[in-house]
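Enquirer: The following block contains the structure, expressed as structure tokens.
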Amino acid sequence: MKIHSIQFKFLITIISAMLAITLFIGGLGIYEVDHFVQQQAESFVKASCEKEATQVNDIFGDMEKSVNIMSSYILSFLDDEKDIESRELQNKIVQSADRMFADVTNNTVGAVAYYLRFAPEVSDSITGFFYSKRPGGEAYFPHEITDLSCYDKDDTEHVGWYWQPYEAGEPVWMQPYHNKNNDIMMISYVVPLYVEERFVGVVGMDFDYTVLTDHVHKIKIYENGFAHLMVDGTPVCHEEDGSLPYVQEEYLQVSAELMNGMTLMLSACYDDIMQSRREIIIRILPTMLFLTVVFGLVAVLMARKIVEPLKMLTEASKKLADGDYNVEPIRSNTYEIQLLGTAFENMAMHLREHEKLQYFLAYMDSLTGLRNTTSYKVWVSDFNKEIQNNNMDFGVMVLDVNYLKETNDKYGHDAGDKLIMAVAKRISDTFKRSPVFRIGGDEFLVILQNRDLEEYEQLCEAFDAECAVEYIETDKGNIPISIARGFAKYNFAMDKQFVDVFNRADDAMYQHKRKMKSK
């Protein structure tokens, strides 16, 4: 073939054009894949951070709920501010609250101390109580009540639990601090007591900080990512030695504010994020090189046949770049074009599977396969929009597994997981036409509509009957299934948002739980 021949020039032109097209398609695909992976990683890390923050907030919420129960219980003895001046009534409150607090604390995860203290202004003496666990112990022991007059208000270690809620005028989360009595890191939640706007004292509980750190240490994002807690921009939890194994520029970091004022920070390693990009590029590059050689050998004879398939490949790459992974199969008699089409189909398939995996991780509970708290928030948002249109008819059932902590303590966490999975299956089997969510460690929620809502009572009877005879088999014995449940139906006249229906169902569940445990 002469160098100045038309055939040679045509071949060089075709090869150059094919090489340019191949490089363009491959480069565009790599660029868009890179952009897509980055966007999806950010969305996934944000969703994971919100999910983990919700779980940490659930821990705080349970702690707050225990203290608020005691606050309401104590204030129920006082009709007006004059009642607190009665020493006889004060002693009665202390005795009753002492017993009540012991029960509440034993059912609160992480609790290590509890206390009630009336203000010196309403009591001639040091009135109240203070109980705490000894290091490594399970029982609570009384301690001498602190004389507030012996310490300055700024002495946080000794009297911060009293003066901080007093000065704030509202419930206060005290940030982590080292308690010398128990030799542990603790956090405290304290509620000021007011009767007719008169400050009469405080009630609070101390919690073992490792309840939070143990949970946070277990959070993994991709392969090498991690999580830690921060207070005012300063890390307070990760490794035991307090160090953080990262260089900030090498990690994608997403944070979420927690209900106690702390911040949960998730750090995802960019090497992990870009791993899928590297795998796709490894698949693309050999294909590009192979096709470049093949196009040079058959350019003269196959030029016209190649033009149309290349247009299809270009359209496929644009669809892939736009996030449309439903790439139509590219049919051609040319083997090389078939290979390129297969490469794009495989790329689209991998991206679809990657997207499905990210969706599952973000919206489904990994233990039970039910919808998780992130999915629950999306449903609540949609329901709130529908409620504004006054076009709703639904009910909410809140279910809580009884004695999960006792099961974990006695039989181990594997048995506890089996119990959770069995409960999840029983709920989803009974309410198979309704969305079921796992919104906490041992808490589930069902949104009832249509037929399930109409047949609610029959379904509950069947549900209770099944639970009564069902149990979990373990090497140490059989574990019965005990579930407290509460139900509330949407009422247009009184429910403005989904949370209003949820709160009534949640209250009904706790009433049912107390009845079950009282038996």
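All residue numbers for the sequence shown refer to the working numbering, where the first residue is 6 and numbers rise by one.
Heads up, the beta-carbon is just placed ideally off N, CA and C, and yes, glycines get one too.
Does the stretch 500 to 513 come within contact of the stretch 398 to 409, defined as at least 3 CB pairs closer than 8 Å?
Expert: Flag = yes, the stretch 500 to 513 and the stretch 398 to 409 touch.
Enquirer: Evaluate His183 with the Cβ neighbour count: other Cβ atoms within 10 Å of its Cβ, from every protein chain shown; 16 or more gives buried, anything less gives exposed.
Expert: His183 comes out exposed.
Enquirer: Pull up the DSSP beta-bridge partners for Leu24, would you.
Expert: DSSP, once it has assigned bridges, lists no residue as partnering Leu24.
Enquirer: Could you check if Ala173 is buried or exposed, using at least 16 other CB atoms within 10 Å of its CB as the buried criterion?
Expert: Exposed is the call here.
Enquirer: Take Val406 as the anchor and find which of Ser487, Glu86, Asp469 has the nearest alpha-carbon.
Expert: That would be Ser487, whose Cα lies nearest to the Cα of Val406.
Enquirer: Measuring straight from C-alpha to C-alpha, what distance separates Leu362 and Val38?
Expert: Note that Leu362 has pLDDT 49, beneath the 50 cutoff, so the model's placement of it is unreliable and no number is given.
Enquirer: By the DSSP assignment, the alpha helix (DSSP H) with Ile89 in it spans what residues?
Expert: No alpha helix (DSSP H) holds Ile89; DSSP gives it neither H nor E.
Enquirer: Please name the residue in Ile79, Ile444, Ala493, Glu478 whose C-alpha comes closest to that of Val541.
Expert: A query on residue 541 cannot be resolved here, the shown segment of the chain reaching from 6 to 524 and no further.
Enquirer: Can you tell me whether Val506 is helix, strand or coil according to DSSP?
Expert: The answer is helix: DSSP assigns Val506 an H, G or I state.
Enquirer: Based on the DSSP secondary-structure assignment, which residues constitute the bridge partners of Lys138?
Expert: Answer by DSSP bridge pairing, in chain order: Tyr145.
Enquirer: Does the stretch 224 to 231 come close enough to the stretch 66 to 84 to have 3 or more Cβ pairs within less than 8 Å?
Expert: Too few Cβ pairs lie closer than 8 Å, so no.
Enquirer: Taking Cβ positions only, does Arg443 come closer than 7 Å to chain C?
Expert: Looking at the structure shown, chain C is missing, and only one protein chain is on hand.
Enquirer: Out of curiosity, what's the CA-to-CA distance linking Lys494 and Ile64?
Expert: Looking at the two C-alpha atoms, the distance is approximately 27 Å.
Enquirer: For the beta strand (DSSP E) that Val216 lies in, which residues bound it at each end?
Expert: From DSSP, Val216 is part of no beta strand (DSSP E) but of the alpha helix (DSSP H) over 215 to 222.
Enquirer: May I ask which residues mark the beginning and end of the alpha helix (DSSP H) holding Thr435?
Expert: That run of the alpha helix (DSSP H) goes 418 to 435.
Enquirer: Met264 and Asn62 - do their beta-carbons sit closer together than 7 Å?
Expert: Closer than 7 Å, so yes.
Enquirer: Spatial neighbours of Thr479 within its chain, please: CB distance less than 7 Å, with the 5 preceding and 5 following residues excluded, ordered by chain position.
Expert: Tyr416, Ala420, listed in sequence order.
Enquirer: Below 7 Å between beta carbons: does that hold for Ser137 and Ala118?
Expert: Contact: yes.
Enquirer: Would you kindly work out how many angstroms separate the C-alpha atoms of Arg456 and Leu271, rounded to a whole number?
Expert: For Arg456 and Leu271, the distance between alpha carbons rounds to 42 Å.
Enquirer: With DSSP as the reference, label Pro485 as helix, strand or coil.
Expert: DSSP places Pro485 in strand when its eight states are reduced to three.
Enquirer: In or out: Gln5 buried (at least 16 other Cβ within 10 Å) or exposed?
Expert: Missing from the structure shown is residue 5; the chain here goes from 6 to 524 and no further.
Enquirer: I'd like to check one pair, Thr378 with Thr18: are the Cβ atoms closer than 7 Å?
Expert: In this structure, Thr378 does not lie closer than 7 Å to Thr18 by Cβ.
Enquirer: Secondary structure at Glu255, three-state DSSP: helix, strand or coil?
Expert: Helix at Glu255.
Enquirer: For Gly491 versus Ala473, is the C-beta spacing smaller than 7 Å?
Expert: Not closer than 7 Å, so no.
Enquirer: Would you mind stating whether Ile370 and Arg438 have Cβ atoms separated by less than 7 Å?
Expert: The sequence shown places Asp at residue 370, not Ile. The answer is no: Cβ separation not under 7 Å.
Enquirer: What are the boundary residues of the beta strand (DSSP E) that includes Gln180?
Expert: Counting along the chain, the beta strand (DSSP E) containing Gln180 begins and ends at 177 to 184.
Enquirer: Output yes or no for whether 7 Å exceeds the beta carbon distance between Val451 and Phe436.
Expert: For Val451 and Phe436, yes; Cβs fall inside 7 Å.
Enquirer: If you check the beta carbons only, do Trp178 and Tyr199 fall under 7 Å apart?
Expert: No, these two residues do not count as a Cβ contact at 7 Å.
Enquirer: Rounded to a whole number of angstroms, what is the C-alpha to C-alpha distance between His163 and Val236?
Expert: C-alpha separation (whole angstroms): 21 Å.
Enquirer: Within 10 Å of its beta-carbon, does Pro291 have 16 or more other beta-carbons around it, so buried, or fewer, so exposed?
Expert: It counts as exposed.
Enquirer: Of the residues Gly446, Ile26, Ala144, which one's Cα is nearest the Cα of Gly66?
Expert: It is Gly446 whose Cα lies nearest to the Cα of Gly66.
Enquirer: Tell me, to the nearest whole angstrom, how far the beta carbon of Ile484 is from that of Thr373; I am working on the premise that it is less than 8 Å.
Expert: 17 Å between Cβ atoms; not a contact.
Enquirer: Which residues mark the beginning and the end of the beta strand (DSSP E) in which Glu478 is found?
Expert: Per DSSP, Glu478 belongs to the beta strand (DSSP E) from 476 to 479.
Enquirer: Pull up the distance between the alpha-carbon of Val109 and that of Lys185, whole angstroms please.
Expert: Each residue's alpha carbon lies about 25 Å from the other.
Enquirer: By DSSP's criteria, Thr268 is part of a beta bridge. Which residues make up the other side?
Expert: In the DSSP output, where bridge partners are listed per residue, Thr268 has Met235, Glu262.
Enquirer: Tell me whether the beta-carbon of Pro197 lies closer than 7 Å to the beta-carbon of Pro240.
Expert: No, Cβ-Cβ distance for Pro197 and Pro240 is not below 7 Å.
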